[in-house]
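Below you'll find the structure, written out as structure tokens, and then a few comments.
Residue numbers (the working numbering): 6 to 227.
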């Protein structure tokens, strides 16, 4: 190995040559960050900007196969990248003393017979999603969401008139007035517009609950 004026793509330090790959492309090694990479990748999935492009296409309503065609990579690679990106995302810290809106929206997993609901909470002030759960429309599912929000000692929580919320939220902070959840209702429409798997009257539904959760995490927090 000998020094060449090639900078590391991660830490911007001078790298050294480190042999060649099986397809004949020159490899480099960074002594500082201990990373090895090629100077030029043939397969598109190995390029550094591919994850950013994948996230952008996912948020613009492209399905897995559409993303695979546009990025010139395989659908299996797209699925794997979505799961990896989502696993590295963390739920935002919920600020205490704020007001939230809660609602549920229907979707399907595997087929139209398996109906599931996305229940999530929206910060009424900055319109950001702070938490969500996916499951059946039952007390057990919604309790996971409400317990997370109640830990932040919220000022007020706005929901629709679903009876399940009455047993989960204190009366002092629970509000079901008309037009009190306009923001989250509008956000439901935005979600169905931007995520292809949530569109109405479509065959593009999620094949697994794990993939649905991963796509939602990327859309909300990436």
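For each residue, glycine too, the CB sits at the ideal point set by N, CA and C.
Of 71, 57, 36 and 125, the smallest CA-CA separation from residue 188 is found for 125. In this model, residue 205 and residue 197 are separated by some 7 Å (Cα to Cα). Here residue 159 is buried: its Cβ has 16 or more other Cβ atoms, across all protein chains shown, within 10 Å.
The three-state reading of DSSP puts residue 38 in coil, since its state is none of H, G, I, E or B.
Rounded to whole angstroms, the Cβ separation of residue 220 and residue 75 is 16 Å, and the two are not in contact under 8 Å. Taking a C-beta distance under 8 Å as the contact criterion, residue 186 and residue 108 qualify as a contact pair.
DSSP places residue 71 in the helix class (H, G or I) of the three-state scheme. With distances taken between CA atoms, residue 97 lies nearest to 128 out of 128, 152, 55 and 209. Beta-bridge analysis with DSSP links residue 140 to 122. At the C-beta level, residue 51 and residue 13 stay beyond 8 Å of one another.
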